[in-house]
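2 protein chains.
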Amino acid sequence: MHKLTNRTPLSEAQEDYLKQVLLLGSGGEGPGRLEDTHPVSTQSLADQMQVKPASVTGMLKKLAALGLVEYEAYRGVRLTEAGYRVALEVLRHHRLIEAYLHEALGYGWEEVHAEAEKLEHHISEAFEERIAEWLGHPSHDPHGDAIPSATLELPPTTPNRRLSALEHGVRGLVARVATQDQDSLNLLAHLGLKPGAALQLLEQVAEGSRIQVGKERYLLPMSLAQVLWVHLEGGPHDG
Amino acid sequence: MHKLTNRTPLSEAQEDYLKQVLLLGSGGEGPGRLEDTHPVSTQSLADQMQVKPASVTGMLKKLAALGLVEYEAYRGVRLTEAGYRVALEVLRHHRLIEAYLHEALGYGWEEVHAEAEKLEHHISEAFEERIAEWLGHPSHDPHGDAIPSATLELPPTTPNRRLSALEHGVRGLVARVATQDQDSLNLLAHLGLKPGAALQLLEQVAEGSRIQVGKERYLLPMSLAQVLWVHLEGGPHDG
DNA sequence: TTTTATTTTTAGGCAAGACTAAATCTTTGT
DNA sequence: ACAAAGATTTAGTCTTGCCTAAAAATAAAA
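Take a look at the structure:
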């Protein structure tokens, strides 16, 4: 029996599961409309949450009973409308906090993830509002990830592509750094490859992507080239 | 067996208990040196934590096993040196957050407590440092409560007295508002009775204290007069 | 199609931290 | 001094969220 008029506050774990179902169920471009998501496997959730698959099954049953996910045994899980809203709310908290830590408190953009991960579950709506206000209601966080609005709409997407999928010679701006791995973040930050940075793809080789950033040339391993999303120079315009 | 080389991170509940043992064990003037505290009863902790006495007993045993409190059955509890340090650290977090919410994010001084209560357990040392830096390493929070330094020293105490204990005619400045009750805070805020405000005690009556604030006169109920700590005008100097 | 490998679920447990009810200590009143 | 009252502790449960091991379902391969 679904409890759609759900006003029981969710636990931290529950919120985290919902967030991950959204993230894993969306393409690499980041979360979009609920209809565009695909079901998520128990295993992928277990990996993401650093937890055993059996634990995931247990939690999914609870969330299904709350009407927050649609869960069919052996068949993966997807969010309901209600679960989707919760997930977006958590994402909004996370990304606003990242932006605030970066802009207001001088955190490096590569340092903000861990702190936001803890805080996202513990701030009030008032806090959310005040930092959003202070920041001027930003549409993207320091990693280039979209921030849902107060009414949970996502900002319009721009046509970005993975560095690893570009043709040689192409120039563009880093639009998004889609990893949370601390080592990767540190390296990319060290190379100046943060959102907004200009780069040119020299060529794709077996080991990864040879690029030029300012006057420097680097060979970026495949694993990193895949998480760097690039906005093409002179690419498609929308207006 | 005490585990004095304690580096197991404490739970939120454990930190809260330690904080309350410190607060309840200190006089109304707020926490001072560990030697000046008195043992705290199970009942008073239960009241403060909104929990049944049996639950308190259970937790105290755990904390005693960790070497954070000295606990003798039926006899109350006090902090050990290690527990005292944890309690001060939590208090520092709490009060720095209150100050930051007030000064940086425009929270009213009467609104900050609830938010700080949640956040105090979830911020990193880096976060603590950055907001302390931003604030200029303040010695007191918006309620006038002392903030332990990064090395956990308490700022020198000033000779304040409860409004309810003053003689009529006396003038002074509000030094501290020692309540966390939201209704009381709202009322005091409404009357402009925040730390720094000047007032004069007209007379003590059975129902409370008749005072003058600016051009207004109020009869402040006993319960409120007891939580208002006043710094006497032209009072004892220390230099 | 049948076997094998992989994924997922079930079953049973554990640790925190709360609760209730019952037992036991301490204090207090006379 | 002693009994009643009040405070505290013990004993036994419950819920949450995780675990491991074993069973079952699905998917892949022969």
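From first to last, the protein sequence lines are chains L and B.
Start counting the first sequence at 2; every next residue gets the next number (this note's numbering).
Start counting the second sequence at 2; every next residue gets the next number (this note's numbering).
C-beta atoms are modelled at their ideal positions from N, C-alpha and C, and glycine is treated no differently.
As the structure is a prediction and not an experimental result, all values here were calculated from the model.
In terms of residue numbering, what span does the alpha helix (DSSP H) encompassing proline 222/B cover? Run containing proline 222/B: none in the alpha helix (DSSP H); it sits in the beta strand (DSSP E), 217-222.
(Q) Please report whether the beta-carbon of leucine 186/L lies at a distance below 8 Å from any beta-carbon of chain B. (A) False, the Cβ-Cβ gap to chain B never drops below 8 Å.
Can you confirm whether leucine 194/B, when its beta carbon is compared against all beta carbons of chain L, has any partner nearer than 8 Å? The Cβ of leucine 194/B sits no closer than 8 Å to any Cβ of chain L.
Original post:
Using CA coordinates, which residue listed in His169/L, Ala65/L, Leu19/L is at the minimum distance from glutamine 201/L?
Top reply: Each of His169/L, Ala65/L, Leu19/L was checked against the Cα of glutamine 201/L, and the nearest Cα belongs to His169/L.
Residues in the same chain with beta-carbon distance under 8 Å from proline 40/L, minus the five sequence neighbours each way, listed in chain order, please.
Same-chain partners within the cutoff: Gly26, Arg76, Gly77, Val78, Arg79.
Item to complete: Measure from the alpha carbon of leucine 221/B to the alpha carbon of each residue in Gly173/B, Ser165/B, Leu174/B, Val178/B, then state which is nearest.
Response: The candidate whose alpha carbon is nearest that of leucine 221/B is Ser165/B.
Drop a sphere of 10 angstroms on the beta-carbon of threonine 206/B, count the other beta-carbons inside from all chains shown, and report buried for 16 or more, exposed for fewer.
Correcting the residue identity first, residue 206/B is valine in this sequence and not threonine. With fewer than 16 other Cβ atoms from the protein chains shown falling within 10 Å of its own Cβ, valine 206/B counts as exposed.
Where the region 96-130 of chain B meets chain L: residues whose CB sits under 9 Å from a CB there: Listed by position, the residues of the region 96-130 of chain B near chain L (Cβ gap below 9 Å) are Leu102, Ala105, Leu106, Gly107, Tyr108, Glu112, Ala115, Glu116, Lys119, Leu120, His122, His123, Ile124, Ser125, Ala127, Phe128.
Original post:
Which residues share a DSSP beta bridge with tyrosine 72/L?
Top reply: Val78/L.
**Asked** Could you give the residue range of the alpha helix (DSSP H) that holds isoleucine 132/B?
**Response** Isoleucine 132/B: member of the alpha helix (DSSP H) spanning 126-136, first to last residue.
Open item on the list: Beta carbons nearer than 9 Å to chain L: which residues of the region 209-234 of chain B have them?
Closed with: Only those residues of the region 209-234 of chain B whose C-beta falls short of 9 Å from the nearest C-beta of chain L would be listed, and there are none.
task = Pick out whichever of Leu167/B, Glu130/B, Thr180/B, Ala127/B has its Cα sitting closest to the Cα of aspartate 146/B.
result = It is Thr180/B.
- request: Could you tell me the distance, in whole angstroms, from the CA atom of methionine 2/L to the CA atom of glutamate 71/L?
  value: Bear in mind that a pLDDT of 47 at methionine 2/L, under 50, signals an unreliable position, so the model cannot answer this.
Alpha carbon to alpha carbon, what distance is there between glutamate 104/L and arginine 131/B? Those two C-alpha atoms are separated by around 12 Å.
task: Assuming glycine 173/B contacts leucine 233/B (C-beta within less than 8 Å), just tell me the rounded distance between them.
output: That belief holds up - the Cβ atoms of glycine 173/B and leucine 233/B are roughly 5 Å apart, short of 8 Å.
Practice problem: Look at the Cβ atom of methionine 223/L, then the Cβ atom of glycine 209/L, and state whether they are nearer than 8 Å. | Solution: A distance below 8 Å separates the beta carbons of methionine 223/L and glycine 209/L.
Let me check understanding here. Comparing Cα to Cα, which of Leu92/L, His138/L, Pro143/L lies closest to lysine 119/L? Minimum Cα-Cα distance from lysine 119/L among the listed residues Leu92/L, His138/L, Pro143/L corresponds to Leu92/L.
### Task
Please classify alanine 88/B: is it buried, with 16 or more other beta-carbons within 10 angstroms of its beta-carbon, or exposed?
It is buried - the Cβ of alanine 88/B has at least 16 other Cβ atoms within 10 Å.
- Query: Going along the chain, which residues of its own chain have a beta-carbon closer than 8 Å to the beta-carbon of arginine 1/B, five neighbours each way excluded?
  - Reply: Absent from the structure is residue 1/B, since the part of chain B shown begins at 2 and ends at 240.
Quiz prompt | Inter-stretch contact (C-beta, 8 Å, three-pair minimum) for the region 13-28 of chain B and the region 44-61 of chain B | solution = The region 13-28 of chain B vs the region 44-61 of chain B: in contact.
(request) For the region 150-206 of chain B, list the beta strand (DSSP E) runs that are entirely contained and at least 3 residues long, ordered along the chain. (result) If only complete runs of 3 or more residues are kept, the region 150-206 of chain B shows the beta strand (DSSP E) at 161-163, 172-178, 199-206, in order along the chain.
Between the beta-carbon of valine 178/L and the beta-carbon of histidine 123/L, is there less than 8 Å?
No, the Cβ-Cβ distance between valine 178/L and histidine 123/L is not below 8 Å.
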